[in-house]
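Structure, as structure tokens:
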Amino acid sequence: MHELAIAQGIVSGACEHAAGRRVYRVTVAIGMLCAVVPDALHFCFGLAAEGTLAEGAELVVEEIPGRARCRTCGAEFGLPDLIPLCACGSADVDIRAGRELRIRSMEVSETCAQPADAAATTPRR
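Under the working numbering, read the sequence shown as residues 28 to 152, first letter to last.
Given below as structure tokens:
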């Protein structure tokens with residue numbers, strides 16, 4: 028389950044960027060070709076956030092559909108699954124979208140968390 032490692036990375040990045048402030052919401056953009064299961068990512072995010080400034084934060088997942096361009100015929104097409112095959116039959120394609128995995132935005136408190144609340148700023152391993 029690579030969702031746990033991804034969730035730990037999201038929590039770590041969010042807490043680092045929050046600079047001591049409580050994290051309330053993290054929005055991530057994830058390409059559908061990354062094979063990330065959103066429900067599993069939500070579950071793992073909750074686990075990874077325990078004891079950090081992101082504990083209790085909402086995770087919003089924006090899925091980005093896969094898109095490709097055929098190098099043989101030049102057609103651009105959507106990739107509904109992990110099989111990059113053009114309608115012309117060619118598998119020689121350039122993936123244009125769907126592999127993204129990034130934090131798009133986050134909501135944090137205006138002030139730093141109290142020292143007792145800020146004991147752990149990175150996810151447990």
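The C-beta atom is built at its ideal place from N, Cα and C for all residues, glycine as well. Since we're looking at a predicted model, the values are computed, not measured.
Per-residue DSSP class, three states only, for residue i
{"i": "D144", "result": "Since pLDDT at D144 reaches only 48, below the 50 mark, its modelled position is unreliable, and the value read off the structure follows with that caveat. Note: D144 maps to coil in three-state DSSP."}
{"i": "D119", "result": "coil"}
{"i": "L80", "result": "coil"}
{"i": "C71", "result": "helix"}
{"i": "C113", "result": "coil"}
{"i": "G93", "result": "strand"}
{"i": "G58", "result": "strand"}
{"i": "V88", "result": "strand"}
{"i": "A41", "result": "helix"}
{"i": "G36", "result": "helix"}
Own chain residues within Cβ distance below 6 Å of residue i, not counting five before or after
{"i": "E48", "result": "At residue 48 the sequence reads Arg, which differs from the Glu that was named. Correct list, in chain order: V135, S136 and C139."}
{"i": "D119", "result": "R98 and T99"}
{"i": "P65", "result": "V88"}
{"i": "S117", "result": "C97 and T99"}
Same chain, Cβ closer than 7 Å to residue i, neighbours up to 5 away in sequence not counted
{"i": "I130", "result": "I37, G40, A41, V53 and V55"}
{"i": "L106", "result": "L60, G93, R94, A95 and G125"}
{"i": "C71", "result": "E30, L31 and A34"}
8 Å contact criterion, which residue i and residue j should meet: CB distance rounded
{"i": "I57", "j": "I110", "result": "About 19 Å; that fails the 8 Å criterion."}
{"i": "E7", "j": "V63", "result": "The chain is shown only over 28 to 152; residue 7 falls outside these bounds and no answer can be derived."}
{"i": "A227", "j": "L68", "result": "The displayed coordinates of the chain run from 28 to 152. Any statement about residue 227 would go beyond what the structure contains."}
Close Cβ partners of residue i (< 8 Å) along its chain, the five nearest in sequence each way excluded
{"i": "V87", "result": "R52, V53, T54 and V55"}
{"i": "E127", "result": "A56, I57, G58, C61 and I91"}
Backbone CA spacing between residue i and residue j [nearest angstrom]
{"i": "C115", "j": "G101", "result": "10 Å"}
{"i": "G83", "j": "C113", "result": "43 Å"}
{"i": "G73", "j": "E103", "result": "38 Å"}
{"i": "I122", "j": "D108", "result": "12 Å"}
{"i": "V50", "j": "E43", "result": "10 Å"}
Per-residue burial, residue i [other beta carbons within 10 Å of its own, 16 or more giving buried]
{"i": "A76", "result": "buried"}
{"i": "A45", "result": "buried"}
{"i": "M133", "result": "buried"}
Proximity test, residue i beta-carbon vs the ligand ADP heavy atom, cut-off 7 Å
{"i": "A75", "result": "The ligand ADP is not part of this structure, which contains no ligands at all."}
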